[in-house]
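Structure first, then comments.
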């Protein structure tokens, strides 16, 4: 069930990024990044940038997803401190 749910969330985020509803995917993105490792988001950014051929200019989705991964990996230990019970 966990793998199925994670795959469905991945597909929903990919579709929302592809059709341009990026702001609607932010709540899913926040929860997905907190619950799972967000390294798959780099794949979404690369796929959307390749589809729109934005490597001729700036690959914005890839840049955003790389920035998001760095921020999430940096903040995750700080969030875990507040959610663990001692």
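Numbering (full-length UniProt numbering), first residue to last: 1 to 86.
Idealized CB from N, CA, C, for every residue including glycine.
No experiment lies behind these values; they were computed from the predicted model shown.
- Residue 61 places its beta carbon less than 7 Å from that of residue 45.
- The straight-line gap separating the alpha-carbon atoms of residue 64 and residue 49 is approximately 11 Å.
- Around the beta carbon of residue 53, fewer than 16 other beta carbons sit within 10 angstroms, so the residue counts as exposed.
- In this structure, residue 40 places its C-beta atom within 7 Å of the C-beta atom of residue 10.
- Going by DSSP, residue 27 is part of the alpha helix (DSSP H) stretching over 26 to 35.
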